[in-house]
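Here is the structure we will look at, set down as structure tokens.
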Amino acid sequence: MKKVPSKSPSLTFKFSDLFSVDYYLITLLLIFLPVLIYWQVYDFEFLWDDDNGKGMGHMFNAFVLNPTLENLSELFLKPFFGMYIPVSYFLWGVLKSLADLLSLSPNGVLHLSNVVIHVANGLLVFVILRQFIANKWAVLLGALLFLLHPIQVEAVAWVSEFRGLLASFFSLLSLYWYMKNKAELSYWSLLFLLLALLSKPSAVVLVLFVFLINHFHYHFSLKNNIYKTLPFAIIALCMVIVAYLIQSKYALNFSEYLIPFWQRPFAWLDSIIFYSYQLIFPYNLSASYALSPQFIIQQWWFYPLSLMPLLAGWALYLVRHKYPLLVFAVLLFIAGFFTTSGLVSFAFQKYSLVADRYLYLSMMGVGLFVASILAKTDKKQLWFLLSGIVLVYGSLSAFRQIPIWQSPIDLWVHSQQFEVNSSYAQGNAHESLQASYYNKGLALARAGDIQQALEYFDKVIANYSTNRPYELKHSDLFYNRGIIMFRQKKYQQALENFNQAIKIKPKNIAAYNGKIVMLIDLKQCKKSWDEIQKMREKQIKIPKDLLATLQRVCKK
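For the sequence shown, the working numbering assigns the number 13 to the initial residue and increments by one for each residue that follows.
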């Protein structure tokens, strides 16, 4: 029986040691390599939840737009965009104001802020893993895997996931201070946990990390472990309740996307297999996999696939005494996405139960797994092999995965190829790609490039399922196509588009206005007055200038 130490061990490696002479090269690599491959994100566009092109997204938070004391108080009293992440919004507001003050590109500053936090997280991961493994070169490869793996790209290259990076940063700081204080109660550690939860609530997984470190590193008894973990669990529970109470008045209802409780463990086990595959073969990563709960429970593989992680878990259980670090690493990996894997409901499951960003903190477990293997061997071939794999992964990130996040169109053209469930009703990438085409066309039209704008509007229609009726949002698309056709003097096509816009949205004032203006221009007075009559019958408010023009040109 393993003897329980009377006192918890102190840190074997401090953060300040990174800057000692013996670690100059390691620290340089941990900073230089991720900066080298991620520097390209500086001029990337806002996309997805950053700014959806309709005045909605995280960048439209009141404090981010205008950092005042009044807006600051709103951060902690109300959610925004369905989320309660006040610390993230506060720092976004500060960074955006700094960019404006220095006349820098806001999206450039915010993208590079993600890179800075990612690098800081990599340094903290190295320091924490160094507590478990003495071989600094093995730990270096583990930390580089955390920093350079393609599955981390979504979290780093997408501005909106600053929230997840920040939550991970405070979580890692919390772990560091907890271990620095020799597993005794540390107010700094609890404060960092609180900041992590206010950055993104998914930081609750830190409670599991603390529990696992207590067991595998400090070898606490179960009773003592629970006692040590309890302060973290209480704070996490309180913050989850606060976030729920604040968000409950504003959050969208996603109950229709839930699955029965008895099926959730199978969904969780399947997600372990999915993520494991993506980690080993990270070539076809995507912003959207469309693996919604309703889709996966209907697949033949839903139940059989769950046997694989159960068998792997049994194998790990059998070798838990011989290879405790490997077991520790695997459990850290699983703990990192425990709350976003099907066991607990969350908003994004409407589209998919899995997403690359959910693995961000889990990658610390992957880094520990690799480092623990290398620390146990002196075989140069294995060192070269794993070093080569990390290099290949870094290259995939730099040349394939990161460029995908350059613009909304690049992202969704790529992502729609890898949605496992390609049905439009559940496909997030298809819907987002159409929105990106439309927003791009709108921007081109406003800039005066109407021909190219028309091409993008046409792409929206071409990518829409022919088996489904048009949705309300498509009314504006046909209206804008009609305006372009009118300006190109393609009157019949313009008329067809205006009519389609009105068919989709019978009270589309803009479409009626465009149609009547065109009819007036063509001196088709009777048809113009007929359209005015239709507007009156539908109780649509007629613009005064339109009516005045019609009365002047087409007197009754």
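For each residue, glycine too, the CB sits at the ideal point set by N, CA and C. Just so we're clear, the structure is a prediction, and the values are computed from it rather than from any experiment.
Just confirm the distance between the C-beta atoms of Phe228 and Pro98, as a whole number of angstroms; I'd bet it's less than 8 Å. Here residue 228 is taken as the residue at index 216 of the sequence shown, counted from 1. Here residue 98 is taken as the residue at index 86 of the sequence shown, counted from 1. With a Cβ gap of about 34 Å, Phe228 and Pro98 do not count as contacting.
Report all residues from its chain with a CB closer than 7 Å to the CB of Val128; omit the five preceding and five following residues, and keep chain order. Numbered from 1 along the sequence shown, position 116 holds the residue referred to as residue 128. Within the same chain, Val128 has no close Cβ partners at all.
For Tyr405, count neighbouring C-beta atoms within 10 Å of its own C-beta (all shown protein chains included) and say buried if the count is 16 or more, exposed if not. For this step, residue 405 is matched to residue 393 along the sequence shown. A residue is called buried once 16 or more other Cβ atoms fall within 10 Å of its Cβ, and Tyr405 is buried on that count.
Using 8 Å for Cβ pairs, my map puts Leu589 next to Ala150. What's the rounded Cβ distance? This structure cannot speak to residue 589, because the chain is shown only from 13 to 568.
Going along the chain, which unbroken runs of the alpha helix (DSSP H) with 4 or more residues stay wholly within the region 141-211? Taken in chain order, the whole alpha helix (DSSP H) runs of length 4 or more contained in the region 141-211 are 148-160, 165-169, 174-192, 199-211.
Tyr370, buried or exposed, once every other Cβ within 10 Å from all chains shown has been counted against 16: Locating residue 370 in the sequence shown gives position 358, counting from the first residue. Within a 10 Å sphere around the beta-carbon of Tyr370 sit 16 or more other beta-carbons, which makes this residue buried.
Taking the Cβ atom as the reference point for each residue, do Leu185 and Ser100 lie within a distance shorter than 9 Å? For this step, residue 185 is matched to residue 173 along the sequence shown. For this step, residue 100 is matched to residue 88 along the sequence shown. It is not a contact, given that the beta carbons lie outside the stated cut-off.
Quickly, what does DSSP pair Met95 with across the bridge? List them, please. Within the sequence shown, the letter at position 83 stands for residue 95. Phe92, per the DSSP bridge assignment.
Taking the straight line between their C-alpha atoms, what separation do you get for Val366 and Phe278? Here the question's residue 366 lines up with position 354 in the sequence shown. Here the question's residue 278 lines up with position 266 in the sequence shown. Distance between the alpha carbons of Val366 and Phe278 is about 14 Å.
Per-residue DSSP class, three states only, for Ala437: Residue numbering aside, residue 437 sits at position 425 when the sequence shown is read from its first letter. Note that Ala437 has pLDDT 43, beneath the 50 cutoff, so the model's placement of it is unreliable and the number below is only indicative. Three-state result, Ala437: coil.
With distances taken Cα to Cα, identify the nearest neighbour of Tyr188 among Val216, Asn133, Lys527. Taking the sequence shown and counting its residues from 1, one reaches residue 188 at position 176. For Tyr188, the nearest C-alpha among the options comes from Asn133.
Buried versus exposed, by CB contacts within 10 Å (16 or more), Ile598: Any question about residue 598 goes unanswered here, given that the chain covers just 13 to 568.
Quick check: what's the CA-CA separation for Phe349 versus Glu508? The residue labelled residue 349 in the question sits at position 337 within the sequence shown. The residue labelled residue 508 in the question sits at position 496 within the sequence shown. For Phe349 and Glu508, the distance between alpha carbons rounds to 50 Å.
Neighbourhood of Ala465 by C-beta distance below 6 Å, restricted to the same chain and skipping five residues each side: Numbered from 1 along the sequence shown, position 453 holds the residue referred to as residue 465. Taken in chain order, the residues that qualify are Gly453, Leu456, Ala457.
Proximity below 9 Å, CB of Ala299 to CB of Ala248: Residue mapping note: residue 299 aligns to position 287 of the sequence shown, counting from 1. Residue mapping note: residue 248 aligns to position 236 of the sequence shown, counting from 1. No, the pair does not count as a contact, with Cβ atoms beyond the cut-off.
Distance, His231 Cα to Ser61 Cα: Residue 61 sits at position 49 when you count from the first residue of the sequence shown. Residue 231 sits at position 219 when you count from the first residue of the sequence shown. Before going further, note that residue 61 is Asp rather than Ser in the sequence given. Across the structure, Asp61 and His231 are spaced so that their CA atoms are roughly 43 Å apart.
Would you tell me roughly how many angstroms separate the C-alpha atoms of Leu30 and Met375, rounded to the nearest one? Taking the first residue of the sequence shown as 1, we reach residue 30 at position 18. Taking the first residue of the sequence shown as 1, we reach residue 375 at position 363. Distance between the alpha carbons of Leu30 and Met375: 21 Å.
Residue from Pro118, Leu48, Val33 with nearest C-alpha to Phe569: Look at the range of the chain in this structure, 13 to 568, and you will see that residue 569 is not part of it.
Could you compute how far the alpha carbon of Leu291 sits from the alpha carbon of Ile38? Sequence index remark: in the sequence shown, residue 291 carries index 279 (1-based). Sequence index remark: in the sequence shown, residue 38 carries index 26 (1-based). Spanning the two alpha carbons is a distance of roughly 24 Å.
From what residue to what residue does the alpha helix (DSSP H) around Trp326 run? In the sequence shown, counting from the first residue as 1, residue 326 sits at position 314. Taken as a continuous stretch (DSSP letters only), the alpha helix (DSSP H) holding Trp326 covers 319-330.
Taking the Cβ atom as the reference point for each residue, do Lys137 and Tyr50 lie within a distance shorter than 9 Å? Residue mapping note: residue 137 aligns to position 125 of the sequence shown, counting from 1. Residue mapping note: residue 50 aligns to position 38 of the sequence shown, counting from 1. A small fix is needed here, since residue 137 is Val in this sequence, not Lys. The answer is no: Cβ separation not under 9 Å.
Give the C-beta separation of Ser157 and Val356 to the nearest angstrom, bearing in mind that I take them to be a contact with Cβ-Cβ under 8 Å. Within the sequence shown, the letter at position 145 stands for residue 157. Within the sequence shown, the letter at position 344 stands for residue 356. The sequence given here has Leu at residue 157, not Ser. Contact between Leu157 and Val356 is ruled out by a C-beta separation of about 27 Å, above the 8 Å threshold.
Quick one, which of Leu218, Leu489, Lys26, Ile140 has its alpha-carbon nearest Ile246's? For the purposes of this step, residue 246 is taken as residue 234 along the sequence shown, with counting starting at 1. If we check each option's Cα against that of Ile246, Leu218 comes out closest.
Collapsed DSSP secondary structure at Trp60 in the structure displayed: Your numbering for residue 60 matches position 48 in the sequence shown. Trp60 carries a coil assignment under DSSP once its states are collapsed to helix, strand and coil.
Apart from the five residues on each side of it in sequence, which residues of its chain come closer than 6 Å, Cβ to Cβ, to Ala513? Residue numbering aside, residue 513 sits at position 501 when the sequence shown is read from its first letter. Result list for Ala513: Ser487, Phe490, Tyr491, Asn520, Ala523, in chain order.
Buried versus exposed, by CB contacts within 10 Å (16 or more), Leu114: In the sequence shown, counting from the first residue as 1, residue 114 sits at position 102. Around the beta carbon of Leu114, fewer than 16 other beta carbons sit within 10 angstroms, so the residue counts as exposed.
Please return the same chain residues whose Cβ sits closer than 7 Å to the Cβ of Leu224, not counting the five positions on each side in sequence. Taking the sequence shown and counting its residues from 1, the one referred to as residue 224 is at position 212. Phe340, Leu343, Leu344, Ala347.
How many whole angstroms separate the CB atoms of Tyr503 and Lys471, which I take to be in contact at a CB cut-off of 8 Å? For the purposes of this step, residue 503 is taken as residue 491 along the sequence shown, with counting starting at 1. For the purposes of this step, residue 471 is taken as residue 459 along the sequence shown, with counting starting at 1. In fact, because the Cβ distance is near 24 Å, the residues do not count as touching under 8 Å.
Could you check whether Tyr96 and Ala208 sit closer than 9 Å to each other, using their CB atoms as the reference points? The residue you call residue 208 lines up with position 196 of the sequence shown. The residue you call residue 96 lines up with position 84 of the sequence shown. With a cutoff of 9 Å on beta-carbon distance, Ala208 and Tyr96 are scored as not near each other.
Please look up how many angstroms separate the CB atoms of Val131 and Pro46, rounded, as I've assumed it's under 8 Å. Taking the sequence shown and counting its residues from 1, one reaches residue 131 at position 119. Taking the sequence shown and counting its residues from 1, one reaches residue 46 at position 34. Cβ atoms of Val131 and Pro46 come within 8 Å of each other, at about 5 Å.
Between Arg548 and the rest of its own chain, which residues show a CB-CB distance below 8 Å, the 5 nearest in sequence each way excluded? Within the sequence shown, residue 548 is the residue found at index 536, counting from 1. Hits under 8 Å: Ile554.
With a threshold of 16 other CB atoms inside 10 Å of the CB of Ser4, please say whether the residue is buried or exposed. What is shown of the chain runs 13 to 568, which leaves residue 4 out entirely.
Measure from the alpha carbon of Ile528 to the alpha carbon of each residue in Trp541, Leu445, Lys192, Thr389, then state which is nearest. Here residue 528 is taken as the residue at index 516 of the sequence shown, counted from 1. Of the residues Trp541, Leu445, Lys192, Thr389, the one whose Cα lies closest to the Cα of Ile528 is Trp541.
What residue does the alpha helix (DSSP H) around Phe286 start on, and which one ends it? Here residue 286 refers to the residue found at position 274 when the sequence shown is read from its first residue. Under the DSSP assignment, Phe286 falls in the alpha helix (DSSP H) whose first and last residues are 276-292.
Contact check, Ser233 vs Leu205, beta carbons under 9 Å: For this step, residue 233 is matched to residue 221 along the sequence shown. For this step, residue 205 is matched to residue 193 along the sequence shown. Not closer than 9 Å, so no.
Would a C-beta distance cut-off of 9 Å place Gln338 and Ile271 closer than the cut-off? Reading the sequence shown from its first residue, position 326 is the one you call residue 338. Reading the sequence shown from its first residue, position 259 is the one you call residue 271. For the sequence presented, residue 338 should be read as Leu rather than Gln. Inclusion of Leu338 and Ile271 in the CB contact set at 9 Å is not warranted, their separation being larger than that value.
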